[in-house]
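Residue numbers for the sequence shown follow our numbering, so the first one is 346 and each next one is one higher.
Quick reminder that beta carbons are idealized off the backbone N, C-alpha and C, glycines included.
Below: one structure, written as structure tokens.
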Amino acid sequence: MNIRFHEQLYSDGISERKLASIQKKIKKWVPKLDVFLVVLPLGNEGLLEIYWYPELLQPYYRKMDQDLIVVGICKKRDAAITLIEQMLLDSGICNGNILLKNYFGEIE
């Protein structure tokens, strides 16, 4: 699996410097316990998914052919849920549009 970070990356108040450090460690598959990733769905169903980063270090995920597109990074699961709420509001869900892949420009 290849992990890509979207240019419009959401975070829960993590500084730019710390965010860059976290991204670098994730790219190198360095274990980091206090990181949750909000990603576009791995399948064709759903809006967004939340993964605890150490979960993605398992062989099942590492062997996947599909790219994992990270759209949010947080330190707690609750913060990840809040980020998803913000993403939905920013994408125009109030207007009935819930196509987040369109919002993030990742149309397949």
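- Its chain contains F350 as the residues whose beta carbon lies nearer than 6 Å to that of Q368, once the 5 sequence neighbours on both sides are disregarded; these appear in chain order.
- Q368 carries a helical assignment under DSSP once its states are collapsed to helix, strand and coil.
- Under DSSP, Y355 shares a beta bridge with G417.
- Here L433 carries a helix assignment [DSSP, helix/strand/coil].
- Rounded to the nearest angstrom, the Cβ distance from V380 to L393 is 16 Å, too far for a contact under 8 Å.
- Taking a 10 Å sphere around the C-beta of G391, we find fewer than 16 other C-beta atoms and assign the residue as exposed.
- Within the model, the alpha-carbon separation for L402 versus L378 is close to 11 Å.
- In this structure, A425 places its C-beta atom within 8 Å of the C-beta atom of I395.
- Sorting D357, I348, E361 by C-alpha distance to the C-alpha of M432 places D357 at the top.
- Secondary structure at E390: coil, using DSSP grouped into helix, strand and coil.
- Annotation for Y398: no alpha helix (DSSP H) segment contains it, and DSSP assigns it neither H nor E.
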